[in-house]
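K.L.:
Chains as they are written, first to last, in the working numbering: chain A, 35 to 376; chain B, 35 to 376. Positions of the beta carbon are idealized from the N, C-alpha and C atoms, including for glycine.
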DNA sequence: TTCCAATACTAAACCGATTTAGTAATGACG
DNA sequence: CGTCATTACTAAATCGGTTTAGTATTGGAA
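Structure (structure tokens):
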């Protein structure tokens, strides 16, 4: 059915070795130009397509990378994967994508499969629900000798390469921006303390307040996780404070949008004039006019894949944590204090 | 480094054959229970992980499916892939994802790579920009004898399996809904005539008008493609009609949102009171309160993958076109005619 | 003429599993 | 006691490439 090396060899009247040498351009070995031309012509004519399985079995390289993500629903994650795709395409790598659906067991099972498929390396985009099982995943990878890059978590930076965004700085930029708009009562809708990104954003928030000599008030920070329910509850609490905040820094745009959506109408009305800066700059952030800190997830993905390829080539490098810059996108929700415009 | 069948065999004092028989539960061959137990124990202890490359080379099956998408930026596409993931996980299949970035050449090159990797089948999510090259892709796949399912286009339904949504019916539902809200001047922001989905939506729009005895007016239909520029221009034209429409049926939510975004402030103000029903029900549609026709893209992905697996098992089946149902999600943008509420 | 080097190509081993065809040992039966 | 079936296992071929170590041929130099 499928044309093999041997078929081409027969048709061209040479040995499989010669076919292999010609098609892989092995110039160390002398070859008559005429033979070379003939083999190429025959291979093209017959539609020869090398079987990468066979090649990989011998070489131990598959040109295939495993990608583990918590879910593709998040357009933030989707963009990271897009960035990986782009870089992978340029480097002739294929991506085996596996979605864990936020489930550590699925993650474990899928990673096992990736290893059986002999991926050359693995890219892990961390998620709130799979963070706890990350050390176990890393252990398995280390034992298998398969390189790995972790995205969006730096808790294991001494053991393994990771790529994150400058979350603390991003948060600081966002809050400083609100302060410059004249706000003093600035709340933080937090993602809790379960992820290093959420912790960094809180830390940036505090730093910005401190630099402006605004005392930190613990009741201005609410939110236990990146879940909608937690966010809605937290936002409700913030808006119900005796002296409600005039501005909000949300750890995530989606969190903000969903929370607003879920709030009772009264609370939602109270929020109408508040200033907001969010995080992650989803597509819809533009439609909603929410100012947001953009991490350019594509760059994250590209950088991670680039790093993984480097690591595969030079396994001995010391692990490194790449922190990519972020930038603030200002939109309508950056309202100056006291404004009552829509 | 990696534990092989042979290593397990040596350790357990049996032949590789026996190891293979035990681990694959080949009961046709008699095996002493004690041997079986020992082999299993040794394999587990040594962390044996079968090399699927070797297995595939022999069997001709890789348990790997190629997925070709125009881009992961669209959350609609991302959801389709999510659905595939889910079904794939249940069937022990791996997905090789390739993003063509809307470029036919990248698509061709990537598909070539997928074939070299011996995927068992290919899932193609069509995009406006890669539709023209689809016949060529299908030809190559047919020649290679690799099964394929096409998503979101039924132009080749006699040759190849396809999975689409009931777009005509969805459009009819949307427009009928607007008619029931009392609207008569209903415009259609179209996706042009380049894709069968856009054509079907237009056709559903016309059917709904006809059933309500509203004469079709060609100036009420605008839009040449699913691009933002085209949509903004089209919407501008519609809103500037001497008697502007009171309601809009948009071929796509994103198109609508982006067009609004791009419009001049004056036109945007004119639209504030118009009723809208969109298509595709993106996440942000809920945040913006846009009524929308939901195709449940996950189901599309699941159905497509299911069909592909069936096709792989039974290559002789006649090609089939699956049309999945859609449903209308009603939100704030479903304003009755003459309303001036926000 | 003989020897060596360069040229052009190839035979065979190998990657790690599965599978087919077969062997050795045991036991039952006539 | 010989034969045949059954049980428990294995040797070797195979998948489709790449690579190593080689062979045959030619030409030039001594």
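Of all Cβ atoms in chain B, is any one closer than 8 angstroms to the Cβ of residue 140 of chain A?
P.N.:
Taking the first chain and counting its residues from 1, the one referred to as residue 140 of chain A is at position 106. Cβ-Cβ to chain B under 8 angstroms: yes for residue 140 of chain A.
K.L.:
Would you check if there are 3 or more beta carbon pairs closer than 8 angstroms linking the region 333-343 of chain A to the region 39-50 of chain B?
P.N.:
Segments in contact, no.
K.L.:
Residues of chain A with CB closer than 9 angstroms to the CB of residue 131 of chain B, please, in chain order.
P.N.:
Here residue 131 of chain B refers to the residue found at position 97 of the second chain. Going along chain A in sequence order, the residues near residue 131 of chain B (Cβ under 9 angstroms) are 101, 115, 119, 128, 129, 130, 131.
K.L.:
From residue 148 of chain B to residue 205 of chain B, what distance separates their C-alpha atoms?
P.N.:
In the second chain, counting from the first residue as 1, residue 148 of chain B sits at position 114. In the second chain, counting from the first residue as 1, residue 205 of chain B sits at position 171. Residue 148 of chain B and residue 205 of chain B: Cα-Cα distance of roughly 36 angstroms.
K.L.:
Can you check DSSP and say which residues form a bridge with residue 325 of chain B?
P.N.:
As a working mapping, residue 325 of chain B is identified with position 291 in the second chain. Note: residue 325 of chain B sits in a beta bridge opposite B/311.
K.L.:
Scan the region 126-155 of chain B and note each continuous beta strand (DSSP E) run of 3 residues or more that stays entirely inside, going in chain order.
P.N.:
The qualifying runs are 128-133.
K.L.:
On the CB-based measure, 16 or more other CB atoms within 10 Å of its CB, does residue 292 of chain B come out buried or exposed?
P.N.:
Reading the second chain from its first residue, position 258 is the one you call residue 292 of chain B. That one is buried.
K.L.:
What separation, rounded to the nearest whole angstrom, lies between the Cα atoms of residue 120 of chain A and residue 139 of chain B?
P.N.:
The residue labelled residue 120 of chain A in the question sits at position 86 within the first chain. The residue labelled residue 139 of chain B in the question sits at position 105 within the second chain. Cα to Cα, the separation comes out at about 14 angstroms.
K.L.:
Is DSSP giving residue 100 of chain B helix, strand or coil here?
P.N.:
In the second chain, the residue the question calls residue 100 of chain B occupies position 66. In this structure, residue 100 of chain B counts as strand in the three-state DSSP scheme.
K.L.:
Name, in chain order, the residues that DSSP records as bridge partners for residue 287 of chain B.
P.N.:
Counted from its first residue, the second chain places residue 287 of chain B at position 253. According to DSSP, residue 287 of chain B bridges with nothing at all.
K.L.:
Out of B/368, B/357, B/363, which one is the CA nearest neighbour of residue 184 of chain B?
P.N.:
To locate residue 184 of chain B, count along the second chain from 1; it is residue 150. With distances taken between Cα atoms, residue 184 of chain B lies closest to B/357.
K.L.:
Please report the straight-line C-alpha distance between residue 91 of chain B and residue 162 of chain B, rounded to a whole angstrom.
P.N.:
Walking along the second chain from the start, residue 91 of chain B turns up at place 57. Walking along the second chain from the start, residue 162 of chain B turns up at place 128. For residue 91 of chain B and residue 162 of chain B, the distance between alpha carbons rounds to 36 angstroms.
K.L.:
Within the chosen definition, does the region 103-114 of chain B reach the region 162-176 of chain A through at least 3 CB pairs nearer than 8 angstroms?
P.N.:
No, because fewer than three Cβ pairs between the region 103-114 of chain B and the region 162-176 of chain A fall closer than 8 angstroms, the two stretches do not touch.
K.L.:
Quick check on residue 52 of chain B: buried or exposed, where buried means 16 or more other Cβ atoms within 10 Å of its Cβ?
P.N.:
Taking the second chain and counting its residues from 1, the one referred to as residue 52 of chain B is at position 18. By the neighbour-count rule (16 or more Cβ atoms within 10 Å), residue 52 of chain B is buried.
K.L.:
By the DSSP assignment, the beta strand (DSSP E) with residue 195 of chain B in it spans what residues?
P.N.:
As a first step, residue 195 of chain B is located in the second chain; it is residue number 161 there, counting from the start. Run containing residue 195 of chain B: 195-199, per the beta strand (DSSP E) assignment.
K.L.:
With contact counted as at least three CB pairs below 8 angstroms, one residue from each stretch, are the region 323-334 of chain B and the region 199-218 of chain B in contact?
P.N.:
Flag = yes, the region 323-334 of chain B and the region 199-218 of chain B touch.
K.L.:
Quick test of your reading: residue 122 of chain A and residue 99 of chain A, contact by CB under 8 angstroms. State the CB separation rounded to the nearest angstrom.
P.N.:
What you label residue 122 of chain A is simply residue 88 of the first chain in a count that begins at 1. What you label residue 99 of chain A is simply residue 65 of the first chain in a count that begins at 1. About 7 angstroms separates the two Cβ atoms, so the contact holds.
K.L.:
Identify the continuous beta strand (DSSP E) that holds residue 356 of chain A and give its terminal residues.
P.N.:
Position 322 of the first chain holds residue 356 of chain A. Taken as a continuous stretch (DSSP letters only), the beta strand (DSSP E) holding residue 356 of chain A covers 355-358.
K.L.:
If you drop the 5 nearest sequence neighbours on each side, which residues of the same chain put their C-beta closer than 8 angstroms to that of residue 264 of chain B?
P.N.:
Residue 264 of chain B sits at position 230 when you count from the first residue of the second chain. 226, 257, 258.
K.L.:
Can you name the start and end residues of the beta strand (DSSP E) that residue 58 of chain A belongs to?
P.N.:
Position 24 of the first chain holds residue 58 of chain A. Segment: none, residue 58 of chain A is in no beta strand (DSSP E) and carries neither H nor E.
K.L.:
Measuring alpha carbon to alpha carbon, tell me which residue in A/146, A/331, A/101, A/129 is nearest residue 317 of chain A.
P.N.:
Translated into the one-based positions of the first chain, residue 317 of chain A becomes position 283. It is A/331.
K.L.:
Could you give the residue range of the beta strand (DSSP E) that holds residue 362 of chain B?
P.N.:
Working through the second chain from its first residue, we reach residue 362 of chain B at position 328. It spans 361-363 - the beta strand (DSSP E) in which residue 362 of chain B sits, taken as one unbroken run.
K.L.:
Sorted by chain position, which residues of the same chain lie with C-beta nearer than 6 angstroms to residue 237 of chain A's C-beta, five sequence neighbours on each side aside?
P.N.:
Numbered from its first residue, the first chain carries residue 237 of chain A at position 203. The answer, listed in chain order, is 202.
K.L.:
Could you name the residues that DSSP lists as bridge partners for residue 339 of chain B?
P.N.:
Counting from one through the second chain, the residue named residue 339 of chain B turns up at place 305. In DSSP, residue 339 of chain B forms no bridge with anything.
K.L.:
Quick one: grab the DSSP three-state call for residue 222 of chain B.
P.N.:
On the second chain, residue 222 of chain B is found 188 positions in, with the first residue counted as 1. Strand.
K.L.:
Roughly how many angstroms lie between the CA atoms of residue 315 of chain B and residue 282 of chain B, to the nearest whole one?
P.N.:
Here residue 315 of chain B corresponds to residue number 281 of the second chain, with the count starting at 1. Here residue 282 of chain B corresponds to residue number 248 of the second chain, with the count starting at 1. Approximately 15 angstroms, taken between the alpha carbons.
K.L.:
Are the C-beta of residue 85 of chain B and some C-beta of chain A separated by less than 8 angstroms?
P.N.:
The count along the second chain starts at 1 and reaches residue 85 of chain B at position 51. At least one chain A Cβ lies under 8 angstroms of residue 85 of chain B.
K.L.:
Rounded C-beta distance between residue 153 of chain A and residue 180 of chain A? I'm assuming under 8 angstroms.
P.N.:
Within the first chain, numbered from 1, the residue matching residue 153 of chain A stands at position 119. Within the first chain, numbered from 1, the residue matching residue 180 of chain A stands at position 146. Yes, they are in contact, since the Cβ atoms of residue 153 of chain A and residue 180 of chain A sit about 7 angstroms apart, within 8 angstroms.
K.L.:
Measure the CB-CB distance between residue 347 of chain B and residue 133 of chain A and report whether it falls below 8 angstroms.
P.N.:
The residue you call residue 347 of chain B lines up with position 313 of the second chain. The residue you call residue 133 of chain A lines up with position 99 of the first chain. Not a contact, by the Cβ cut-off of 8 angstroms.
K.L.:
Answer with yes or no whether the minimum CB distance from residue 35 of chain B to chain A is below 8 angstroms.
P.N.:
Within the second chain, numbered from 1, the residue matching residue 35 of chain B stands at position 1. Yes, residue 35 of chain B lies at the interface with chain A (some Cβ there is under 8 angstroms from its Cβ).
K.L.:
Between the region 227-246 of chain B and the region 297-305 of chain B, can you find at least three pairs of beta-carbon atoms closer than 8 angstroms?
P.N.:
Touching, no, given that fewer than three Cβ pairs across the two stretches are closer than 8 angstroms.
K.L.:
Just reading off the beta strand (DSSP E) that residue 185 of chain A is part of, what are its end residues?
P.N.:
To locate residue 185 of chain A, count along the first chain from 1; it is residue 151. 182-185 is the span of the beta strand (DSSP E), which, as asked, contains residue 185 of chain A.
K.L.:
I'd like to know whether the C-beta atoms of residue 208 of chain B and residue 311 of chain B end up nearer to each other than 8 angstroms.
P.N.:
The residue given as residue 208 of chain B occupies position 174 in the second chain. The residue given as residue 311 of chain B occupies position 277 in the second chain. In this structure, residue 311 of chain B lies closer than 8 angstroms to residue 208 of chain B by Cβ.
K.L.:
Would you mind telling me which residues of chain A sit closer than 9 angstroms to residue 295 of chain B, beta carbon to beta carbon, in chain order?
P.N.:
As a working mapping, residue 295 of chain B is identified with position 261 in the second chain. Those are 320, 321, listed as they occur along chain A.
K.L.:
The alpha helix (DSSP H) spanning residue 117 of chain A covers which residue range?
P.N.:
Residue numbering aside, residue 117 of chain A sits at position 83 when the first chain is read from its first letter. It spans 109-124 - the alpha helix (DSSP H) in which residue 117 of chain A sits, taken as one unbroken run.
K.L.:
Who are the neighbours of residue 149 of chain A on chain B, taking C-beta pairs under 7 angstroms?
P.N.:
For the purposes of this step, residue 149 of chain A is taken as residue 115 along the first chain, with counting starting at 1. Correct list: 83.
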